[in-house]
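Asker: In the working numbering, the protein residues as written are 513 to 773.
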Amino acid sequence: MSLHFMASEVFPLVAPDELEVGIRILFSLVLGACVGLERQWRAGLAGLRTNALVSVGAALFVVMGAYAFNPDGSADPTRVAAQVVSGIGFLGAGVMIREGLNIRGLNTAATLWCSAAIGCLAGTGMYFIAITGTALIVLANIFLRPLGRAVNRRSGRQPAAAQSTIDPSSFAFEVMTNDKAEPRVRALLLQTLSRPEYHLKSVTTSHTKQGNVALLAELNSTHLDPAPLERAVSRLTLDPKVTSARWWLDETEKEDDEDEF
Numbered sequence: 513m514s515l516h517f518m519a520s521e522v523f524p525l526v527a528p529d530e531l532e533v534g535i536r537i538l539f540s541l542v543l544g545a546c547v548g549l550e551r552q553w554r555a556g557l558a559g560l561r562t563n564a565l566v567s568v569g570a571a572l573f574v575v576m577g578a579y580a581f582n583p584d585g586s587a588d589p590t591r592v593a594a595q596v597v598s599g600i601g602f603l604g605a606g607v608m609i610r611e612g613l614n615i616r617g618l619n620t621a622a623t624l625w626c627s628a629a630i631g632c633l634a635g636t637g638m639y640f641i642a643i644t645g646t647a648l649i650v651l652a653n654i655f656l657r658p659l660g661r662a663v664n665r666r667s668g669r670q671p672a673a674a675q676s677t678i679d680p681s682s683f684a685f686e687v688m689t690n691d692k693a694e695p696r697v698r699a700l701l702l703q704t705l706s707r708p709e710y711h712l713k714s715v716t717t718s719h720t721k722q723g724n725v726a727l728l729a730e731l732n733s734t735h736l737d738p739a740p741l742e743r744a745v746s747r748l749t750l751d752p753k754v755t756s757a758r759w760w761l762d763e764t765e766k767e768d769d770e771d772e773f
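Now the structure itself:
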């Protein structure tokens with residue numbers, strides 16, 4: 513017994529075409545929510561609601577392309593689907609954030625793009641492919657994450673020392689210099705902190721009452737060994753224009769990555 517026939521028995525007053533469209537939209541909502549649930553759990557930039565809405569929106573556009581202008585449903589929905597693929601790029605760009613030398617949200621943007629694809633599949637009635645795609649997207653986000661970290665460690669991009677001693681935290685790194693040497697010391701600071709284990713968020717400049725210039729760098733790191741920061745302090749203090757350098761845990765800068773758009 514087909515899904516369409518079963519639904520017709522439950523809702524006999526609804527026209528078959530309208531009932532089929534309703535089932536497709538409902539499928540897109542459920543499958544988009546399944547993808548978004550993993551992102552919500554991981555505190556991604558786009559969570560449960562965002563992925564569900566993207567999937568439903570894509571399905572609605574595809575259904576519109578198939579039924580809005582041709583009563584017999586013989587229109588080509590792939591034209592609208594192609595525009596969905598292009599249009600979702602703007603939403604994906606909105607969740608990608610540049611933090612210093614790093615880019616955050618790229619995986620979330622890719623997941624949104626996949627949610628749009630799931631919505632398009634559900635909108636065209638390809639239920640099995642949509643369910644299979646949803647399962648693969650969720651599994652990829654869950655199981656490829658530790659695999660990627662393992663590859664980074666093996667390739668030297670994430671040293672084994674990065675797994676020790678300190679929980680994921682925000683750090684502040686301060687360097688004191690004079691006004692004339694500020695551009696050169698800033699460049700030296702950026703060069704010193706340009707490491708894979710650092711996620712540099714910002715570098716700000718302020719003037720002290722003594723006439724010195726304070727360069728304050730804010731950065732995030734996951735399971736960071738403090739030894740690299742100590743080496744960075746030692747390297748910077750070797751410069752004759754640097755009067756002092758220090759770092760500390762910044763407990764006030766813990767951020768919540770979840771931001772529903």
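Glycine included, C-beta positions come from ideal geometry on N, C-alpha and C.
Output needed for Ser514: all residues of its chain with C-beta closer than 6 angstroms, excluding positions within five of it in sequence on either side, in chain order.
Answerer: Here the question's residue 514 lines up with position 2 in the sequence shown. Any reading at Ser514 must be qualified, since the residue scores a pLDDT of 49, below 50, and its modelled position is unreliable; no value is offered.
Asker: Spatial neighbours of Glu694 within its chain, please: C-beta separation below 6 angstroms, excluding the five flanking residues on both sides.
Answerer: Mapped onto the sequence shown, residue 694 falls at position 182. Val725.
Asker: Return the residue from the list Arg591, Tyr579 and Ala622 that minimises the CA-CA distance to Ile600.
Answerer: Translated into the one-based positions of the sequence shown, residue 600 becomes position 88. Per the Cα distances, Ala622.
Asker: Please list the terminal residues of the continuous beta strand (DSSP E) segment that includes Ser733.
Answerer: The residue labelled residue 733 in the question sits at position 221 within the sequence shown. Looking at the DSSP string, the run of the beta strand (DSSP E) that includes Ser733 is Val725 to Ser733.
Asker: Roughly how many angstroms lie between the CA atoms of Gly635 and Asn664, to the nearest whole one?
Answerer: Taking the sequence shown and counting its residues from 1, one reaches residue 635 at position 123. Taking the sequence shown and counting its residues from 1, one reaches residue 664 at position 152. Rounded to whole angstroms, Gly635 to Asn664 spans 39 angstroms at the Cα level.
Asker: Residues in its own chain within less than 7 angstroms of Gly544 by CB, not counting five upstream and five downstream?
Answerer: Taking the sequence shown and counting its residues from 1, the one referred to as residue 544 is at position 32. Correct list, in chain order: Asn563, Ala564, Val566, Ser567, Val568, Ser627, Ile630 and Gly631.
Asker: Which same chain residues end up closer than 6 angstroms to Asp691 when comparing Cβ atoms and leaving out the 5 residues on each side of it in sequence?
Answerer: For this step, residue 691 is matched to residue 179 along the sequence shown. Around Asp691: Val725.
Asker: Since Ser468 and His711 are thought to touch, with beta carbons under 8 angstroms apart, how far apart are those beta carbons, to the nearest angstrom?
Answerer: This structure cannot settle anything about residue 468, because the visible part of the chain is limited to 513 through 773.
Asker: Mind listing, in chain order, the continuous alpha helix (DSSP H) runs of no fewer than 4 residues lying wholly within the segment 618–656?
Answerer: Listed in chain order, the complete alpha helix (DSSP H) runs (minimum 4 residues) inside the segment 618–656 are 618–635.
Asker: For Val754 and Met688, which I take to be in contact (beta-carbon distance under 8 angstroms), what is that distance rounded to the nearest angstrom?
Answerer: Along the sequence shown, one-based indexing puts residue 754 at 242. Along the sequence shown, one-based indexing puts residue 688 at 176. Contact flag correct, Cβ pair sits at about 7 angstroms.
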